[in-house]
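K.L.:
In full-length UniProt numbering, the protein residues as written are 1 to 65.
1. Does DSSP put residue 70 in a helix, in a strand, or in coil?
2. To the nearest angstrom, report how far apart residue 26 and residue 59 are at their CA atoms.
3. Residue 2: buried (16+ other C-beta within 10 angstroms of its C-beta) or exposed?
4. Using 10 angstroms around the beta-carbon of residue 42, count the other beta-carbons present and answer buried if the total reaches 16, otherwise exposed.
5. Round the Cβ separation of residue 9 and residue 31 to the nearest angstrom and send it over; I've been treating them as touching at under 8 angstroms.
This is how it looks when you write it as structure tokens:
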């Protein structure tokens, strides 16, 4: 089954992906990446690989595998 994978170093913390995930599999974290942006995490157990996060992300953070 397909799953979303996040490259947290590309994330700028816009959180658009959190709002579009139908399964609430994308979790905002208070951790920051090397650029100082708050990141998100994909809960692989909840992710259905729909690609909504991939489609909305302006920074190409997500890949679907």
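Ideal Cβ placement from N, Cα and C applies to all residues, glycine included.
P.N.:
Quick answer:
1. This structure does not reach residue 70, given that the chain is present from 1 up to 65, and the question cannot be answered.
2. Roughly 16 angstroms between the two C-alpha positions.
3. Exposed, by the Cβ-count rule.
4. It counts as buried.
5. At roughly 12 angstroms, the Cβ-Cβ gap does not stay under 8 angstroms, so residue 9 and residue 31 are not in contact.
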